Amino acid sequence: MAEDGELSPVGGVFCSSGRPGRQTYGSSAHYRSLLGGLLDLRQSGLLFDVVLLVEGRPIQAHRILLAASCDYFRGMFAGGLEETQQKEIPIPGVSYMVIEKILDYIYTSEIELDLECVKEVLRAATLVQVSHYVIGFCCEFLFTWLDEGNILEVHALADLYGLQQLHARVHSYILRNIQTLSRTDVYRQLPQDKVFRALSSDELQVNSEYEVYKAALHYHFSPEQVETDQVYLQDNLRMVDAVRFCLIEKQVLQRLHGRLNKCPLKDSVSAALSYHEQEIWQPVLQSHLTQPRSTMHCILGFGGMFTSISHPDKHENLFQVFHPSWGEWRTVTEKLTPRMSNQGIAVLNNFVYLVGGDNYTSEFRAETHCWRYDPRLNSWCSIQPLQQQHADHCVCVVGDHIYAIGGRDYKHALDSVERYDPHTNKWEFVSPLKRESIVEGTFLINNERGHRHDVLKVACFEPSDNSWSLMTPLPVGHEGPGVAVLDSCIYILGGRSIDRGNRGKSVHAYNTEADEWECKAEFKERVLGMAACVVLMPPSVIAQAQSWEQRTKDSIED
Numbered sequence: 001m002a003e004d005g006e007l008s009p010v011g012g013v014f015c016s017s018g019r020p021g022r023q024t025y026g027s028s029a030h031y032r033s034l035l036g037g038l039l040d041l042r043q044s045g046l047l048f049d050v051v052l053l054v055e056g057r058p059i060q061a062h063r064i065l066l067a068a069s070c071d072y073f074r075g076m077f078a079g080g081l082e083e084t085q086q087k088e089i090p091i092p093g094v095s096y097m098v099i100e101k102i103l104d105y106i107y108t109s110e111i112e113l114d115l116e117c118v119k120e121v122l123r124a125a126t127l128v129q130v131s132h133y134v135i136g137f138c139c140e141f142l143f144t145w146l147d148e149g150n151i152l153e154v155h156a157l158a159d160l161y162g163l164q165q166l167h168a169r170v171h172s173y174i175l176r177n178i179q180t181l182s183r184t185d186v187y188r189q190l191p192q193d194k195v196f197r198a199l200s201s202d203e204l205q206v207n208s209e210y211e212v213y214k215a216a217l218h219y220h221f222s223p224e225q226v227e228t229d230q231v232y233l234q235d236n237l238r239m240v241d242a243v244r245f246c247l248i249e250k251q252v253l254q255r256l257h258g259r260l261n262k263c264p265l266k267d268s269v270s271a272a273l274s275y276h277e278q279e280i281w282q283p284v285l286q287s288h289l290t291q292p293r294s295t296m297h298c299i300l301g302f303g304g305m306f307t308s309i310s311h312p313d314k315h316e317n318l319f320q321v322f323h324p325s326w327g328e329w330r331t332v333t334e335k336l337t338p339r340m341s342n343q344g345i346a347v348l349n350n351f352v353y354l355v356g357g358d359n360y361t362s363e364f365r366a367e368t369h370c371w372r373y374d375p376r377l378n379s380w381c382s383i384q385p386l387q388q389q390h391a392d393h394c395v396c397v398v399g400d401h402i403y404a405i406g407g408r409d410y411k412h413a414l415d416s417v418e419r420y421d422p423h424t425n426k427w428e429f430v431s432p433l434k435r436e437s438i439v440e441g442t443f444l445i446n447n448e449r450g451h452r453h454d455v456l457k458v459a460c461f462e463p464s465d466n467s468w469s470l471m472t473p474l475p476v477g478h479e480g481p482g483v484a485v486l487d488s489c490i491y492i493l494g495g496r497s498i499d500r501g502n503r504g505k506s507v508h509a510y511n512t513e514a515d516e517w518e519c520k521a522e523f524k525e526r527v528l529g530m531a532a533c534v535v536l537m538p539p540s541v542i543a544q545a546q547s548w549e550q551r552t553k554d555s556i557e558d
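Numbering-wise (the UniProt record's numbering), the sequence shown opens with residue 1 and increments by one.
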């Protein structure tokens, strides 16, 4: 018996009818065949039953097709109006050429647009209420030709016909071209609300926040006035309220602050300078004006032990960055990047905390040191160290605190738990675990000492049911991997396969919807003990990320 969705020998699809002894079939080709038949009738001049009079010229059509395609004609022919019985229907206010194009779409599902007709087609499509696809095609066409020379006209069309998709396209154009657009006279003619919305957006494409400040000034003053410092900054300048001054370099803010008398702008700059001076407390001083202008969440991989015999130091000051759209891992350099492995890692308010770990520069040694990474500036700072050495431990965020749980100090397995308060920059001991959290490398089976094996089982906990369930197992072993969650996928990074006896380069991602593991871009070298997380990365730092090939080439040239 045929299954639902199975292809029929004659090209249709089986669909269960729900009744014994009966089967329902469907064919998507029928719609194309029907449309082709209607076009044949039109081209052959058969069965026309209505004439549209446009600019005094007749256009023959099929009444039922017009009613099925346009709300305007449906109301006219099926609403009991006098046109129901009329053979000739005048269509005022539109051109013959435009109605011909709309009829072409109705009969063929295709429409040809050009710069001369697109605005008329848009107006006519809105008038006769033809398929929203025609309006969408017009908006798409206008967007392909959108530039600073016609942006005001396109915005006016969007306003006139209430076209939100066209408004969205104009907004997108401003976001992508703010640096060049802001230097034109057209920019200052755009509505204030539209420009302010763009300058406030996380998607604004700029290389630095100072460029946003310049764009804000350009709405109130010409570029020449800004460049020659002929601007009066004491007034309330609306666009300046969109600038995230905390993201501007401290030295630039100091120069600007020195030029200003008492005014709202000086207050904003003073607040930003105060923010810069409180580096250690920044994670608890966050607001929308301190957030990076980005929508790009990336996986970051820090530290780890790489198999790099020939170049043991080449991983210093590097960390790994991955975005699914790249299809590869890239590296970012920052001179103070900690070189550790088996670290605890946590993200709080988009700041990355690296907690303890193994210092393997000379010999393995559990550390108390802790660091914090700021992705907005690609910079590191040290925070208060742990009170006890921890490696191979768990780190997590609960509320506003970071917890370091268990692990080992290379002498003992630990049951201690420490809590970090970012408001005080201090660690304190809290209630310990009921038992140590580290298991030794061997175990007993039936009173005999056994060998370790890869554990491939994966289990999922459902809090609402207070229950565990088994999922699809891992394809290979990953002991000591980095783990991160991005776009509803769980990434397992590197680690060691005990069964295979070596570290791995592989990266596997668990698709939670499909319950399956997928192979993702692997590392260029084998790695164990990497710490991984997901944060929002600004374009300025992403631009510094290099592929391994480019990094190697640059190091050779240096």
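Note that CB positions come from ideal geometry on N, CA and C, so glycine has one too.
Please read all numbers here as calculations on a predicted model, not as lab measurements.
- For N502, the pairing in a beta bridge is given by DSSP as S497.
- Residue environment analysis places L253 among the buried positions, since at least 16 neighbouring C-beta atoms fall within 10 angstroms of its C-beta.
- Nearest to D202 by C-alpha distance, out of F523, L35, G56, R293, is R293.
- L115 sits in coil when the DSSP states are folded into three classes, being neither helix nor strand.
- Within the UniProt domain "BTB" (48-115), the complete alpha helix (DSSP H) segments of 4 residues or longer fall at 63-69, 71-78, 96-108, listed in chain order.
- A Cβ-Cβ separation of about 17 Å leaves Q43 out of contact with V51 under the 8 Å criterion.
- The beta carbon of L166 sits closer than 6 Å to the beta carbons of C139, A158 from its chain, once the five residues preceding and following it are set aside; these are given in chain order.
- Judged by DSSP in its simplified three-state form, D241 adopts helix.
- Spanning the alpha carbons of R496 and V507 requires a straight line of approximately 12 Å.
- I280 counts as exposed, since fewer than 16 other beta carbons sit within 10 angstroms of its beta carbon.
- In this chain, the alpha helix (DSSP H) harbouring K214 covers 209-220.
- By the C-beta criterion, the stretch 452-466 is judged to be in contact with the stretch 490-504, since at least 3 inter-stretch pairs fall below 8 Å.
- For N177, the enclosing alpha helix (DSSP H) starts and ends at 164-181.
- With at least 16 other beta carbons inside 10 angstroms of its own, P375 counts as buried.
- Rounded to the nearest angstrom, the gap between the Cα atoms of D193 and Q205 is 18 Å.
- The DSSP assignment places 264-277 as complete runs of the alpha helix (DSSP H) inside the stretch 257-289, in order along the chain (cut-off: 4 residues).
- Excluding five sequence positions before and after L66, the CB atoms of its chain that fall closer than 6 Å to its own CB belong to F73, given in chain order.
- The C-beta of R372 has 16 or more other C-beta atoms within 10 Å across all chains shown, which makes the residue buried.
- The residue among N425, S270, I178, L386 with its C-alpha nearest the C-alpha of S416 is L386.
- Contact annotation, I383 with H393: C-beta distance approximately 16 Å; criterion of less than 8 Å not satisfied.
- Assigned with DSSP and collapsed to three states, T307 falls in coil, not helix or strand.
- When DSSP states are grouped into helix, strand and coil, H30 belongs to the helix group.
- The beta carbons of G301 and L493 sit closer together than 8 Å.
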